[in-house]
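First up is the structure itself, then whatever we jot down about it.
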Amino acid sequence: NAGVTQTPKFQVLKTGQSMTLQCAQDMNHEYMSWYRQDPGMGLRLIHYSVGAGITDQGEVPNGYNVSRSTTEDFPLRLLSAAPSQTSVYFCASSYDGGDYGYTFGSGTRLTVV
Amino acid sequence: EDQVTQSPEALRLQEGESSSLNCSYTVSGLRGLFWYRQDPGKGPEFLFTLYSAGEEKEKERLKATLTKKESFLHITAPKPEDSATYLCAVQSYSGSARQLTFGSGTQLTVLP
């Protein structure tokens, strides 16, 4: 049971480049979320999904897109990277929306130069 | 808008020195309050969910309590392996479907 798998673990992008952060879970969880974590600001919700084909915006969605074509996968796309998107990104999933806790991946550390 | 404030930002304890971490929250209709532990370079790890004022939950040296305005994470006789950042989060009935609003965390260091 791998849990939540995020790739890559580290990435450096140039301003204006695009990329996709991958997130996959093997627990048949319906709820999936993307957060960014910045020093002193805690985890902030970017986008989330409550099932395949259903996505919605969180607190800080600008500059990011998501899709949920399968239950397992929830990729996060950076459309045109900016230095302000330098952060650590976490994907999380839950069976029931949190009563037994969200399971987090190990994160992707992204630097935009 | 849901808000979560954690204090102190950082706490250093000697091994065996008990203390408490605070999580104050403002939410329109609390569905649940969550505590997570985060080790450096890793994702948060779920500890507890609390649903109503007066509720308490325990796990080893940790005990979480909840009132109508705040939650406390009590650490009894901590060990160096308890060193981590502890995150508090709330989930409201009116917010995004079962999503979490996090505080900025308390970084706990337990010295041997």
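Protein chains in written order, with the numbering used here: chain S, 1 to 113; chain P, 114 to 225.
From the three backbone atoms N, C-alpha and C, an ideal C-beta is built for every residue, glycine too.
Any C-beta of chain S under 8 Å from that of residue i
i: P:S217; result: yes
i: P:G142; result: no
i: P:R150; result: no
i: P:K155; result: yes
i: P:R174; result: no
i: P:A166; result: no
Residues sharing a beta bridge with residue i, DSSP
i: S:D38; result: S:G42
i: P:L221; result: P:L124, P:A197
i: S:Q6; result: S:C23
i: S:Q11; result: S:L110
i: S:H29; result: Its beta-bridge partners do not exist; DSSP assigns none.
The beta strand (DSSP E) enclosing residue i, as first and last residue numbers
i: S:V19; result: Sequence check: residue 19 of chain S is Met here, not Val. Here the beta strand (DSSP E) through S:M19 covers 19 to 25.
i: P:T198; result: 197 to 205
i: S:Y64; result: 64 to 66
i: S:D56; result: 54 to 57
i: S:Y89; result: 87 to 94
i: S:L76; result: 76 to 78
i: S:T111; result: 108 to 112
Neighbour flag for residue i against chain P, beta carbons, 8 Å
i: S:D73; result: no
i: S:G105; result: yes
i: S:Y89; result: no
i: S:L21; result: no
i: S:Y95; result: no
i: S:L43; result: yes
Local Cβ density within 10 Å of residue i, reported as buried at 16 or more and exposed below that
i: S:T103; result: buried
i: S:S49; result: buried
i: P:P191; result: buried
i: P:L134; result: buried
i: S:I54; result: exposed
i: P:A123; result: exposed
i: S:P8; result: exposed
i: S:F74; result: buried
Proximity test, residue i beta-carbon vs the ligand MG heavy atom, cut-off 7 Å
i: S:Y95; result: Among the ligands in the structure shown, none appear at all, so the ligand MG cannot be discussed.
Start-end ranges of the beta strand (DSSP E) lying completely within the stretch 117 to 182 of chain P, minimum 3 residues:
Correct list: 123 to 127, 132 to 139, 143 to 151, 158 to 163, 169 to 172, 175 to 179.
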